[in-house]
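Here's the structure we're looking at; comments come further down.
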Amino acid sequence: MAKAIGVDIGGTGIKAGLVDLEHGTMASDRVRVPTPAGASPQDVLQAVQTVLKTLDVKDASLPLGVAFPAIVKRGKTLSAANVSKEWIDFDAEKFFRDGLGRNIVFVNDADAAGVAEARHGAARDVRGFTLLTTLGTGIGSAFLNDGVLLPNTELGHLNFREYESVETFAATSAREREGLSWSEWAERLQAFYSHIEFLFSPDLFVVGGGVSKNAGDFLPLLDLKTPIVPAIHRNNSGIIGAASLAGD
Ligand code: BGC
């Protein structure tokens, strides 16, 4: 069975697992540590070293994919919303490659989740345009047309009403911070999704992030023209997608 390791660095947690590449499923338990406060490159690297050590994969030749919550272009991180500003214009891929002492594939976290869902999840065999969003500390987005990824869309940073970034208004972190009920939060999601539905006319919305396990509490409250479904791999999509891309 071909395998690879996926690491998903988020604003709140850093998760890793071994992935079965053929089926696009977890081949180990998921290992998680909290994202270090401030999320500086050095501290994040150390946390990634810890999860990899805990994962205890003996085979050092396995492909390793790392997903990160920022714009990633040619191995560089170009933005930093819920992590240290040191990541802006930072050669992150090289930093991890040197720090971990092995080759890696480095991608945006929502793009990784999108690839996982397109290859092995809710958007598998879907023709046309799938728009995946992750609702977590921030809002991430992935555009997939006939399964082909258009990387680095950043819909969580759309200006919205008085908010510079819509993620401040509608992410899971906003629901938790403001103690919103499911229906109060769903009103915000309604505003967000109907806006991006009008802008991009997707054929399918997929909703990822940790809250996708509670999809039954809020997705039925939304009124959209486009079908909207939870990510099949829930919060493991980032791990699975990163591993899958590393295995290519
Ligand atoms: C970042 C994105 C990321 C998303 C989800 C946003 O704040 O700008 O790059 O995909 O959070 O983690």
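Take 677 as the starting number for the sequence shown in the working numbering and just add one per residue. All residues carry an ideal CB built from backbone N, CA and C; glycine is no exception. These numbers come from a predicted model, not from an experiment.
Alpha carbon of residue i to alpha carbon of residue j, nearest angstrom
i      : j      : result
Gly923 : Val781 : 9 Å
Ser704 : Trp861 : 34 Å
Met702 : Arg864 : 33 Å
Asp801 : Gly823 : 8 Å
Gly875 : Glu769 : Reading off the sequence, residue 875 comes out as Leu, not Gly. Each residue's alpha carbon lies about 32 Å from the other.
Ser857 : Asp774 : 45 Å
Ser841 : Ile872 : 14 Å
Ser889 : Phe772 : Inspection of the sequence shows that residue 889 is occupied by Lys rather than by Ser. Straight-line Cα distance between these residues: approximately 31 Å.
Ala715 : Leu776 : 17 Å
Thr902 : Gln718 : 42 Å
Gln722 : Glu852 : 28 Å
Thr829 : Val783 : 12 Å
Lys729 : Gly914 : 19 Å
Met677 : Ser859 : 44 Å
Ala850 : Ser870 : 19 Å
Leu900 : Ala867 : 10 Å
Val709 : Tyr839 : 30 Å
Gly855 : Leu898 : 19 Å
Ala692 : Ala743 : 10 Å
Neighbourhood of residue i by C-beta distance below 8 Å, restricted to the same chain and skipping five residues each side
i      : result
Arg778 : Ala736 and Leu740
Asp767 : Gly751 and Lys752
Leu895 : Val883, Ile904, Val905 and Pro906
Thr848 : Leu811, Gly812, Thr813, Gly885, Gly886 and Val887
Arg706 : Lys691, Ala692, Gly693, Asn912 and Ile915
Asp893 : Trp858
Arg803 : Asp822 and Asp879
Start-to-end residues for the beta strand (DSSP E) that takes in residue i
i      : result
Leu731 : Taken as a continuous stretch (DSSP letters only), Leu731 belongs to no beta strand (DSSP E), being part of the alpha helix (DSSP H) at Pro717 to Leu731.
Lys679 : Lys679 to Ile685
Gly884 : Leu880 to Gly884
Asp696 : Gly689 to Asp696
Gly816 : Ile815 to Asn821
Gly751 : Segment: none, Gly751 is in no beta strand (DSSP E) and carries neither H nor E.
Thr809 : Phe805 to Leu811
Val824 : Val824 to Leu826
Gly741 : Leu740 to Phe744
Arg708 : Val707 to Pro710
Rounded distance between the beta-carbons of residue j and residue i, thought under 8 Å
i      : j      : result
Leu831 : Ala799 : That pair is no contact at about 16 Å.
Pro712 : Val724 : Pro712 to Val724, Cβ: 10 Å. No contact.
Ala733 : Ile690 : According to the sequence provided, residue 733 is Val. The question's Ala does not apply to it. At roughly 16 Å, the Cβ-Cβ gap does not stay under 8 Å, so Val733 and Ile690 are not in contact.
Leu731 : Ala680 : Incorrect: roughly 12 Å between the Cβ atoms, too far for contact.
Thr825 : Val791 : As written in the sequence, residue 825 is Leu, which differs from the Thr given in the question. Correct: roughly 6 Å between the Cβ atoms.
Segment limits, alpha helix (DSSP H) that includes residue i
i      : result
Asp899 : Per DSSP, Asp899 belongs to no alpha helix (DSSP H) and is neither H nor E.
Val759 : Segment: none, Val759 is in no alpha helix (DSSP H) and carries neither H nor E.
Ser870 : Trp858 to Phe876
Ala846 : Glu843 to Ala846
Ala788 : Asp785 to His796
Ile916 : Ser913 to Gly923
Arg773 : Ala768 to Leu776
Proximal residues to residue i (C-beta, below 6 Å), its chain only, five neighbours per side dropped
i      : result
Ile764 : Ala756
Thr688 : Thr711 and Thr813
Pro878 : Phe805, Leu807 and Thr902
Chain-order list of residues whose beta-carbon lies under 7 Å from that of residue i (same chain, five-residue window excluded)
i      : result
Gly686 : Thr711, Pro745, Asp785, Gly812 and Thr813
Ile815 : Thr809, Leu831, Gly832, Val842, Glu843, Ala846 and Ala847
Closer than 7 Å: residue i CB and nearest ligand 3 heavy atom
i      : result
Pro745 : Questions concerning ligand 3 fall outside what the structure shown contains, since the ligands it does hold are ligand 1.
Is the region 912 to 923 in contact with the region 693 to 701, if contact means three or more CB pairs nearer than 8 Å? Yes: at least three Cβ pairs fall under 8 Å.
Per the contact definition of three or more C-beta pairs closer than 8 Å, is the region 742 to 762 in contact with the region 829 to 845? yes
Determine, using beta-carbon pairs with one atom in the region 783 to 797 and one in the region 902 to 909, whether at least three such pairs fall under 8 Å. yes
Indicate whether the contact test is met: 3 or more Cβ pairs, each with one atom in the region 805 to 814 and one in the region 876 to 896, closer than 8 Å. Three or more Cβ pairs closer than 8 Å define a contact, and the region 805 to 814 meets that threshold against the region 876 to 896.
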